[in-house]
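The next block holds one structure in the form of structure tokens; read it before the comments.
Protein chains: 2
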Amino acid sequence: MDEHDQTLYFRLFNEIGILEQISRTFLEVRLPDGFIAPHFAVLNHLIRVKDGRTPLELARAFQVPKTTMTHTLAGLEKGGLVEMKPNPEDGRSKRVWITHAGRSFRNRAIADLSPLFGALAEAFPPDTVAQMMPELERLRIFMDDLRDRVS
Amino acid sequence: MDEHDQTLYFRLFNEIGILEQISRTFLEVRLPDGFIAPHFAVLNHLIRVKDGRTPLELARAFQVPKTTMTHTLAGLEKGGLVEMKPNPEDGRSKRVWITHAGRSFRNRAIADLSPLFGALAEAFPPDTVAQMMPELERLRIFMDDLRDRVS
DNA sequence: CTCAGATAGTGCGATATCGAACCAAATGGA
DNA sequence: TCCATTTGGTTCGATATCGCACTATCTGAG
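Top line first, the protein sequences correspond to chains A and B. Under the numbering used here, the letters of the first sequence match residues 8 to 158, in that order. Under the numbering used here, the letters of the second sequence match residues 8 to 158, in that order.
In structure tokens, the structure reads:
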């Protein structure tokens, strides 16, 4: 591995870091006070994937520590955007259900993002993005597997 | 914009968020106690780009609020990895210089990452990554410009 | 030169992130 | 069945992030 290649990989992760930073900030200024990107992301996941996930499933989906997810869910519950109910199949566990208020919150946020998507669609048409996705997903899966494999 | 396209853009930013999360964690478990990814990123930037940047330049490079950069630099300075000197061209400002210890720290971190790069190079050869970079950079620049343009 | 506004950086308070330690429930091998 | 181990979740404490407000300095119009 020569220095040039190494630099390339650094630049890749650096771009990802900056993109995360920009897109998160972009979303957060459009959310009501007291709510941040992870709140939206969880609501979105509950709708896009499915309701009734356990906290641990959510933590794994976003690759965050479970204590972080506990905290995020507490914020959502306090805001009445989700309900936590016991998991009938496992006494240790809970299941997270999105409320009507949660759906409204998510839909409003999406509506507030539509100017972004409009502008984005001009510079990055859906088929362009669709071409980028497989490699990004492959990279994410690779990195995920790697945690166990590398020293 | 139909729902399918919207979902596509969400998935894009979601992948970016998860990738950031995984790669940051991957790095941080390999850094000495008390240091985190932003510390490494700043040191790396000072070497890759150039020494003697101002805190504000660094904040802009990483798209973080300047108070966050103040905090990160304080950590680096406390650890003896950078030196902050007054900026002779502007009495309000400072310039950040990396120390010998800072260079060693960065080189050690890179050495600890080499197993990752080795594994990565198999699944994602440099030319594959090189193909991904321009679109990611273009997206980052687009998002950056967008902050002013959209509602 | 003057001063109103812009800019660089910091202090502070509120909240987020996350590792360590912990509890309770589930699992599975003897 | 029993109990050692694993697993889901929370609590707690340390540190990070970031918006707001502030100071010091610079800049430019007049």
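For glycine and all other residues, C-beta sits at the position ideal for the given N, C-alpha and C. If you're wondering where the values come from, they're calculated on a predicted model, not measured in any experiment.
Just list the residues that DSSP pairs residue i with in beta bridges.
i, result
"V103/B", "R60/B, M91/B"
Which residues bound the alpha helix (DSSP H) around residue i?
i, result
"D12/A", "10 to 35"
"Q82/B", "Residue identity check: residue 82/B is Gly in the sequence provided, not Gln. Segment 73 to 85, the alpha helix (DSSP H) holding G82/B."
"P45/B", "44 to 55"
Under 7 Å: does the beta carbon of residue i sit that close to some heavy atom of the ligand COA?
i, result
"M150/A", "Of the ligands one can find in the structure shown there are none, so the ligand COA has no counterpart to examine."
inquiry  = Short of 8 Å Cβ to Cβ, which residues in the region 118 to 138 of chain A face chain B?
reply    = Listed by position, the residues of the region 118 to 138 of chain A near chain B (Cβ gap below 8 Å) are S121, P122, L123, F124, G125, A126, L127, A128, A130, F131, P133, T135, V136, A137.
request  = Identify each residue in the region 40 to 58 of chain A for which the Cβ-Cβ distance to at least one residue of chain B is less than 8 Å, and report them in chain order.
outcome  = Of all residues in the region 40 to 58 of chain A, A44, A48, N51, R55 have a Cβ within less than 8 Å of some Cβ in chain B.
message = Does the region 22 to 40 of chain A come into contact with the region 52 to 64 of chain B, if we say contact requires no fewer than three beta-carbon pairs (one atom in each stretch) closer than 8 Å?
response = By the criterion of at least three beta-carbon pairs nearer than 8 Å, the region 22 to 40 of chain A is not in contact with the region 52 to 64 of chain B.
ask   = Taking Cβ-Cβ distances below 9 Å as the criterion, which residues of the region 19 to 31 of chain B are in contact with chain A?
value = When CB distances to chain A are screened at a threshold of 9 Å, the residues of the region 19 to 31 of chain B falling below it are L19, F20, N21, E22, I23, G24, I25, L26, E27, Q28, I29, S30, R31, in chain order.
task = Identify each residue in the region 76 to 110 of chain A for which the Cβ-Cβ distance to at least one residue of chain B is less than 9 Å, and report them in chain order.
result = Hits within the stretch: zero.
ask   = Taking contact to mean at least 3 C-beta pairs separated by less than 8 Å, is the region 8 to 23 of chain B in contact with the region 130 to 149 of chain A?
value = Yes, they touch.
ask   = Are the region 45 to 53 of chain A and the region 109 to 121 of chain A touching, with three or more C-beta to C-beta distances below 8 Å?
value = With a cut-off of 8 Å, the region 109 to 121 of chain A and the region 45 to 53 of chain A count as touching, because enough Cβ pairs lie within range.
inquiry  = For the pair the region 95 to 105 of chain B and the region 103 to 110 of chain A, tell me if three or more CB-CB distances fall below 8 Å.
reply    = In this structure the region 95 to 105 of chain B does not lie against the region 103 to 110 of chain A, because fewer than three pairs of beta carbons, one per stretch, are closer than 8 Å.
ask   = Name the residues in the region 141 to 153 of chain A whose C-beta lies less than 8 Å from a C-beta of chain B; which are they?
value = Answer set for the region 141 to 153 of chain A: E142, L143, E144, R145, L146, R147, F149, M150, D151, L153.
request  = Count the C-beta pairs between the region 77 to 84 of chain A and the region 127 to 137 of chain A that are closer than 8 Å, then say yes if the count reaches three, no if not.
outcome  = Segments in contact, no.
ask   = Which residues, in order along the region 58 to 74 of chain A, keep a beta-carbon less than 7 Å from a beta-carbon of chain B?
value = Those would be F69, Q70, V71, in chain order.
The region 24 to 32 of chain A in contact with the region 23 to 31 of chain B per 3-pair CB rule at 8 Å = Result yes; three or more Cβ-Cβ pairs closer than 8 Å.
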